[in-house]
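Asker: Next up is a structure, given as structure tokens.
Number of protein chains: 4
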Amino acid sequence: MRQLIRAGIVGASGYTGGELIRLLHAHPEVELTAISSRTFSGKQAGEVFGSLTGSGYKFEDLSPEEIVARTDVIFVAAPHGVAMEYAPIAYAAGKKMIDLGPDFRFRDASLYEQWYKIPHSCPQLLAGAVYGLPEIHRHEIADAKIIGNPGCYPTSIILALAPLFEAGAVADSFVIADSKSGISGAGRKADPAYSFCELTGEVRPYGVLQHRHVPEIEQELSLLAGAPVKALFTPHLVPVIRGIVSTIYAWIKPGYSEELIRGLYEERYKDEPFIMLLEPGLHPGTKAVAGSNHCHISVDFDPATSTAVIVSAIDNLGKGAASQAVQCMNIMFGLDETAGISGYPPFP
Amino acid sequence: MRQLIRAGIVGASGYTGGELIRLLHAHPEVELTAISSRTFSGKQAGEVFGSLTGSGYKFEDLSPEEIVARTDVIFVAAPHGVAMEYAPIAYAAGKKMIDLGPDFRFRDASLYEQWYKIPHSCPQLLAGAVYGLPEIHRHEIADAKIIGNPGCYPTSIILALAPLFEAGAVADSFVIADSKSGISGAGRKADPAYSFCELTGEVRPYGVLQHRHVPEIEQELSLLAGAPVKALFTPHLVPVIRGIVSTIYAWIKPGYSEELIRGLYEERYKDEPFIMLLEPGLHPGTKAVAGSNHCHISVDFDPATSTAVIVSAIDNLGKGAASQAVQCMNIMFGLDETAGISGYPPFP
Amino acid sequence: MRQLIRAGIVGASGYTGGELIRLLHAHPEVELTAISSRTFSGKQAGEVFGSLTGSGYKFEDLSPEEIVARTDVIFVAAPHGVAMEYAPIAYAAGKKMIDLGPDFRFRDASLYEQWYKIPHSCPQLLAGAVYGLPEIHRHEIADAKIIGNPGCYPTSIILALAPLFEAGAVADSFVIADSKSGISGAGRKADPAYSFCELTGEVRPYGVLQHRHVPEIEQELSLLAGAPVKALFTPHLVPVIRGIVSTIYAWIKPGYSEELIRGLYEERYKDEPFIMLLEPGLHPGTKAVAGSNHCHISVDFDPATSTAVIVSAIDNLGKGAASQAVQCMNIMFGLDETAGISGYPPFP
Amino acid sequence: MRQLIRAGIVGASGYTGGELIRLLHAHPEVELTAISSRTFSGKQAGEVFGSLTGSGYKFEDLSPEEIVARTDVIFVAAPHGVAMEYAPIAYAAGKKMIDLGPDFRFRDASLYEQWYKIPHSCPQLLAGAVYGLPEIHRHEIADAKIIGNPGCYPTSIILALAPLFEAGAVADSFVIADSKSGISGAGRKADPAYSFCELTGEVRPYGVLQHRHVPEIEQELSLLAGAPVKALFTPHLVPVIRGIVSTIYAWIKPGYSEELIRGLYEERYKDEPFIMLLEPGLHPGTKAVAGSNHCHISVDFDPATSTAVIVSAIDNLGKGAASQAVQCMNIMFGLDETAGISGYPPFP
């Protein structure tokens with residue numbers, strides 16, 4: 040009989056944690072052996088997520104040692120700072136860890152400390168950690184013990200720009216990313232500002248010029264460009280539950296037409312199972328990707344101003360968090376990369 | 040120069056308080072001279088409600104004595120128990136008070152105490168307090184010093200049933216009210232259960248067989264019937280911001296047709312400026328009344344089971360709270376009853 | 040190598056058709072060999088449903104003979120009257136057919152003709168057709184060639200009442216069902232009345248006392264009761280995409296307590312994989328079932344009026360249509376009844 | 040007794056028309072004497088807009104001559120091409136006309152013809168027509184007979200950029216406007232793509248690089264700049280009913296700080312009753328302006344890239360259409376500019 044991978048989740052009561060339970064439960068190669076939450080310890084999963092009524096899972100309050108002992112891989116879906124407590128223990132035990140927070144996304148601990156305002160407790164593990172964006176770092180992910188799963192905005196922006204920067208087509212070291220995010224990206228909040236009444240009908244920017252995802256975007260774009268890239272990033276809240284649309288403006292070197300730019304994307308992503316380049320005239324929307332691991336991308340070009348307008352859409356809880364983490368797990372364990380995340384999403 | 044009525048609001052930072060600011064600001068006969076809130080004292084109104092940016096109002100933390108001194112009428116838009124602290128002071132000063140909570144809705148203090156679990160501190164004022172439903176108690180409101188403004192559900196249900204009970208057409212002492220309420224009815228909540236993500240897409244009943252509005256509904260229906268009436272009431276949350284639709288099932292005495300029943304409503308409400316009886320085949324919806332003081336009503340009858348199906352719609356923050364309170368104020372001060380609340384609501 | 044079941048879909052461009060594509064694509068025992076649509080013939084699935092971008096499916100305009108020849112089972116997701124054209128051809132070829140419309144739901148052709156205003160073209164096939172509600176008709180489904188898959192409202196109401204009627208606990212031959220349905224139940228509509236702007240914020244009843252699902256509800260409840268049952272049914276539109284909540288009022292014979300009534304449900308549904316009886320105090324909501332084949336049920340009882348208040352929730356496109364059809368298919372082909380529909384739904 | 044201004048509406052059954060009925064009904068100086076609609080002629084207003092139930096207005100099918108004869112001013116809320124039929128008749132009769140469509144927005148008829156693909160039938164009237172943005176063209180509006188009321192996107196973008204261009208602070212002749220619009224901007228549509236089910240949860244760009252509002256934006260910005268300005272404009276649909284948020288990126292000349300830029304806005308708009316500059320750290324959202332004639336603006340500046348990020352929010356049916364038209368009317372008739380549109384909007 041086939042040996043199932045034993046998986047555990049830390050911080051399982053948030054939206055990303057709940058999505059991981061759903062995906063790992065249905066994953067053909069995985070057994071979910073530990074669901075940890077301090078707040079909801081002792082509760083049935085159905086009490087924490089009505090959608091899991093009847094699933095039989097139970098939340099426990101497990102120490103790092105306990106959850107590592109019981110699993111082959113742990114997913115940490117907790118606020119920044121938590122994964123640093125689990126990483127040394129998992130690492131020492133030879134287990135794998137996928138952090139859905141920022142603790143292991145940066146190559147440079149000081150950048151982390153500058154933006155997240157706490158010291159990094161295990162900088163020695165950063166060198167071996169891999170930024171878990173499979174379309175960019177697939178081979179390193181295969182060998183990694185620790186994954187820093189990308190932020191949702193960075194996933195949408197880096198995937199949208201990688202073909203341009205890899206081809207050296209960008210004329211300026213500066214791009215603008217105007218992103219629109221569903222509310223689930225803010226987590227499960229007890230805050231009137233996130234209530235149904237205050238967000239239904241509301242669209243507004245936030246964190247203008249100072250969002251924490253900027254250094255992560257710039258780190259990866261600079262790696263792709265081979266030179267420092269600056270991203271001016273404006274996130275907006277939009278009243279959808281799941282989904283990010285990033286509308287990106289990049290200045291292109293002379294000699295490119297829309298067709299040539301489009302060709303860069305076709306070539307770059309033709310074998311990627313989760314990236315869909317849309318036909319000319321179509322543009323990505325949140326709804327077609329919500330509930331999936333897909334990334335839809337469109338390409339437009341304004342020759343008068345040499346501006347490429349690249350639009351990408353992902354599910355912030357899917358390709359922007361939980362299903363991307365499962366994609367990384369699949370790669371780390373040598374499984375079919377699409378196992379458990381190959382479905383098309385519900386519509387409407 | 041015309042003398043304006045000086046009005047004050049206690050608990051001005053909730054949704055009902057905000058609606059009162061909006062309505063009283065635009066009221067041609069009113070000057071808003073006191074806006075009280077402990078939490079937001081010192082804040083500009085625009086910081087508490089973005090929609091009031093530029094209005095120039097400021098929140099203050101006023102004692103009962105201060106607010107009574109500064110006004111001719113106070114509106115209390117606070118949790119149960121608060122209005123009882125203001126009532127004796129306003130009463131002694133000869134000022135009027137309109138309580139949008141339950142403290143002055145019951146003729147019997149023990150009923151209040153049984154459902155709200157606190158003692159009533161000024162039961163001696165209950166006898167003079169009037170249940171502020173103008174279509175039922177207009178004349179008493181004109182002479183009252185203290186108004187217990189009706190709950191939102193009771194407003195929708197009592198208005199829908201009054202013509203039947205007044206005409207003696209109901210065969211049973213028992214009715215069913217299945218109500219659907221917008222989320223603003225729950226107030227301005229810091230609770231993940233009221234967040235955008237958890238309520239968008241959600242419809243569910245709550246408080247089944249035990250909602251606090253039941254005694255208020257039964258008190259008023261029994262008065263109309265001249266005999267005890269029991270109401271089986273099932274409230275539901277629906278993902279709209281404003282609006283209540285109540286679908287009501289009542290059993291009718293022999294001899295009535297749909298046309299005769301409809302006639303009772305036409306006759307009863309033909310001079311009411313805020314009650315609209317819909318044409319046969321049309322049914323009330325939340326959207327057409329949201330933002331107004333209107334109540335839409337439809338009448339259907341199933342002869343096979345002698346069941347009348349009466350549907351009513353109101354805005355829970357309008358006719359179910361703030362604009363109804365203004366309607367009471369207009370009556371109390373001898374103004375045109377529609378002053379400041381005569382507008383048609385925005386659509387869509 | 041395992042032989043896959045070849046499935047086809049007629050009317051694949053509607054919401055139910057799209058859900059069938061999604062479910063059958065992911066079903067481990069099924070190969071989707073025909074997707075038929077007159078309007079969208081020649082289109083990629085991704086052009087009809089953005090969510091299917093990259094799936095590779097193509098819409099064709101297939102005659103009944105062609106689609107029957109190419110499949111082992113056809114799903115008809117089309118307006119009433121269409122399935123009658125396919126049934127004789129599928130039947131003659133020894134193939135199975137699951138109709139998601141009303142053509143094969145009635146034992147009595149005249150009832151169909153009275154409500155749907157067209158003659159039934161193959162009444163001789165009605166006797167062998169089975170009403171596809173597995174929890175009630177599982178054994179007959181196993182042997183059937185033609186399934187009349189239940190309507191969405193009837194599914195929610197019959198499942199909620201079956202334990203009461205089967206136990207003979209209902210005192211009256213009359214029940215009230217007050218249902219709230221998501222908008223997808225109306226299909227993919229080109230009608231301003233179904234536009235985003237007119238339905239966002241809207242809750243209203245429709246089809247009061249005259250909805251076409253009434254005869255279907257009454258047929259099945261009468262069978263369960265062994266005597267004619269009348270259902271007074273009031274459907275409401277609520278601004279959610281997927282989901283039905285039915286709040287049902289039934290009068291109970293003397294001798295029952297809430298606990299005893301609850302026991303009837305526990306016993307009746309304890310082995311049903313898709314029916315979840317909620318703990319006392321919890322009530323079903325649309326959100327926890329949307330995207331699944333689950334039915335959540337709550338039981339409350341008011342001894343003063345002998346009224347049971349039963350609430351059920353399903354996904355109108357899931358247990359109310361497409362996934363219930365797949366459940367029937369699983370039974371008809373001797374598969375695990377949960378194959379392809381065992382997942383928990385996304386949340387939030 | 041005061042003489043009321045007699046107003047008429049052409050195309051009264053659309054969303055802008057409905058908003059005009061609501062505003063003009065409540066306007067203290069206006070009498071609504073003609074409501075014209077071919078499709079709904081003979082209908083009560085309450086049949087066309089449920090929100091107007093009980094208002095007593097009736098739709099008529101009036102010829103241009105009839106409506107002009109009956110009114111002092113007509114509002115044309117119809118598709119492009121319609122106002123051109125009314126303008127000569129109104130002009131000849133010495134009556135005023137406010138067109139909410141594009142027919143009279145362009146100084147150059149050929150620009151109109153290029154973008155709207157039809158010949159302009161009365162180019163001789165263009166010279167006297169005024170672009171109805173009071174904050175820019177107040178004095179010309181006062182004397183105009185014909186107003187081309189601005190488009191919703193242009194209003195939000197021009198108001199956001201006027202202080203910068205007027206001060207000569209923009210370094211480049213090129214700006215980027217990334218706008219997010221509520222669905223009502225598309226009008227009252229019978230199109231499944233605008234249905235509740237397909238737009239709830241959806242955010243996506245459309246008309247990328249080719250929206251018809253571009254020439255209007257560029258015309259006005261160029262006038263302000265005194266030189267040709269190019270606008271790269273990306274509109275997005277967002278699932279709100281009313282509201283536009285425009286996030287605008289402009290490159291600033293050396294020597295400016297955020298404080299200096301902010302000062303330009305404070306100075307420019309300090310006496311404008313409908314423009315609110317938000318405090319640093321706050322950003323405009325759709326919800327705070329929906330239902331009003333307000334425009335909220337925020338100012339941020341990134342010195343590293345010399346980029347100003349200006350965000351504005353308006354109600355596309357309010358300041359972006361109907362209430363702006365009323366503001367123009369007030370100016371044209373010498374009334375208080377805020378008459379009938381001075382209210383604060385409902386919240387939430």
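Residue numbers (this note's numbering), protein chains in the order written: chain Z, 40 to 387; chain P, 40 to 387; chain E, 40 to 387; chain D, 40 to 387.
Using N, Cα and C, we set each Cβ at its ideal position, and we do this for glycine too.
Since the model is a prediction, treat every value here as computed from it, not as a measurement.
Please state whether DSSP places Z/CYS334 in a helix, a strand or coil.
Answerer: Z/CYS334 falls in the strand class under three-state DSSP.
Asker: At which residue ranges does the segment 168-243 of chain Z contain complete alpha helix (DSSP H) runs of 4 or more residues, listed in the order of the chain?
Answerer: Taking only runs of at least 4 residues, the alpha helix (DSSP H) segments lying wholly in the segment 168-243 of chain Z are 173-182, 191-205, 235-238.
Asker: Hey, how far is the Cα of D/LEU198 from the Cα of D/THR286?
Answerer: The straight-line gap from Cα to Cα measures roughly 12 angstroms.
Asker: The alpha helix (DSSP H) that contains E/GLU99, what's its start and end?
Answerer: Looking at the DSSP string, E/GLU99 is not in any alpha helix (DSSP H), and its letter there is neither H nor E.
Asker: Say whether chain D places a C-beta atom closer than 8 angstroms to the C-beta of P/HIS335.
Answerer: Yes, its Cβ sits closer than 8 angstroms to a Cβ of chain D.
Asker: Can you list, in chain order, the residues of its chain whose CB lies under 6 angstroms from that of E/PRO254, leaving out five sequence neighbours each side?
Answerer: Cβ within range, chain order: LEU150, TRP154.
Asker: How big is the Cα-Cα spacing for E/ALA129 and Z/CYS191?
Answerer: Going from the Cα of E/ALA129 to the Cα of Z/CYS191 covers about 49 angstroms.
Asker: So for E/VAL107, helix, strand or coil by DSSP?
Answerer: The answer is helix: DSSP assigns E/VAL107 an H, G or I state.
Asker: Give a yes or no on contact between the segment 77-97 of chain E and the segment 41-58 of chain D, applying the rule of three or more CB pairs nearer than 8 angstroms.
Answerer: At 8 angstroms Cβ cutoff, the stretches do not touch.
Asker: How should P/ARG61 be labelled, buried or exposed, when 16 other C-beta atoms within 10 angstroms of its C-beta is the threshold for buried?
Answerer: Buried, by the Cβ-count rule.
Asker: Which one of E/PHE235, E/GLY226, E/ARG243, E/SER223 has the shortest CA to CA distance from D/ARG227?
Answerer: It is E/PHE235.
Asker: Using 8 angstroms as the Cβ pair cut-off and three pairs as the minimum, do the segment 202-221 of chain E and the segment 270-289 of chain E touch?
Answerer: Contact holds: three or more Cβ-Cβ distances are below 8 angstroms.
Asker: In terms of residues, what are the limits of the alpha helix (DSSP H) holding Z/ILE137?
Answerer: Segment 135-138 is the beta strand (DSSP E) holding Z/ILE137; no alpha helix (DSSP H) there.
Asker: Report the partner residues of D/ARG41 according to the DSSP bridge assignment.
Answerer: In the DSSP output, where bridge partners are listed per residue, D/ARG41 has none listed.
Asker: Decide if the segment 198-207 of chain P is in contact with the segment 340-359 of chain P; the criterion is three or more beta carbon pairs, one per stretch, under 8 angstroms apart.
Answerer: These segments touch.
Asker: Once you ignore the five residues that flank D/ALA183 on each side, which residues in its own chain have a CB closer than 6 angstroms to its CB?
Answerer: For D/ALA183, where only same-chain residues beyond five positions count, the Cβ hits under 6 angstroms are VAL169.
Asker: Between P/THR239 and chain Z, is the shortest Cβ-Cβ distance under 8 angstroms, so that the two count as touching?
Answerer: P/THR239 counts as touching chain Z.
Asker: Secondary structure at D/PRO162, three-state DSSP: helix, strand or coil?
Answerer: The answer is helix: DSSP assigns D/PRO162 an H, G or I state.
Asker: For Z/SER351 and chain P, any beta-carbon pair shorter than 8 angstroms?
Answerer: Z/SER351 does not count as touching chain P.
Asker: Is D/THR325 helix, strand or coil when you go by DSSP?
Answerer: In the structure shown, D/THR325 sits in coil (DSSP, three-state: anything other than H, G, I, E or B).
Asker: What residues match up with D/TYR288 in a beta bridge as DSSP calls it?
Answerer: Per DSSP, D/ILE215, D/VAL348.
Asker: Looking at the unbroken beta strand (DSSP E) that takes in D/GLU70, where does it start and where does it end?
Answerer: It spans 69-75 - the beta strand (DSSP E) in which D/GLU70 sits, taken as one unbroken run.
Asker: Which residues mark the beginning and the end of the beta strand (DSSP E) in which E/ALA270 is found?
Answerer: Per DSSP, E/ALA270 belongs to the beta strand (DSSP E) from 269-276.
Asker: Could you work out which residues of chain D lie near E/LYS82, taking near to mean beta carbons separated by less than 8 angstroms?
Answerer: Simply none; closest approach about 14 angstroms.
Asker: Applying the criterion that 16 or more other CB atoms from any shown protein chain within 10 Å of the CB defines a buried residue, is P/GLN42 buried or exposed?
Answerer: Answer is exposed; the Cβ neighbour count stays below 16.
Asker: How big is the Cα-Cα spacing for P/LYS358 and D/GLY357?
Answerer: Their Cα atoms are separated by approximately 25 angstroms.
Asker: Under DSSP, the alpha helix (DSSP H) around Z/ILE380 begins and ends at which residues?
Answerer: Z/ILE380 -> no alpha helix (DSSP H), and no H or E assigned at all.
Asker: Could you tell me the alpha carbon to alpha carbon distance between D/PRO267 and E/GLY224, rounded to whole angstroms?
Answerer: So the alpha carbons of these two residues sit roughly 52 angstroms apart.
Asker: Taking only beta-carbon positions, decide if E/ALA329 is within less than 8 angstroms of chain P.
Answerer: True, the Cβ-Cβ gap to chain P drops below 8 angstroms.
Asker: For D/ARG61, return the contacting residues in chain P, with the cut-off set at a CB-CB distance below 7 angstroms.
Answerer: Within chain P, the residues near D/ARG61 are TYR383, PRO385.
Asker: Establish whether the CB of Z/HIS275 and some CB of chain E are separated by less than 8 angstroms.
Answerer: It does not; no Cβ of chain E falls within 8 angstroms.
Asker: Which residues mark the beginning and the end of the alpha helix (DSSP H) in which D/VAL87 is found?
Answerer: Start and end: 84-87.
Asker: Between E/PHE88 and chain Z, is any beta-carbon pair separated by less than 8 angstroms?
Answerer: Answer yes: the Cβ-Cβ gap between E/PHE88 and chain Z drops below 8 angstroms somewhere.
Asker: I think Z/ASP142 touches Z/ALA122, with their Cβ atoms under 8 angstroms apart; what is that distance to the nearest whole Å?
Answerer: Right, the Cβ-Cβ distance comes to about 4 angstroms (below 8 angstroms), so this counts as a contact.
Asker: What are the residues of the segment 336-370 of chain D that lie near chain Z, defined by any Cβ-Cβ distance shorter than 9 angstroms?
Answerer: Answer in chain order: SER337, ASP339, PHE340, ASP341, ALA343, THR344, THR346, VAL348, VAL350, ALA352.
Asker: On the DSSP letters alone, give me the boundaries of the beta strand (DSSP E) that E/LEU316 sits inside.
Answerer: Start and end: 314-316.
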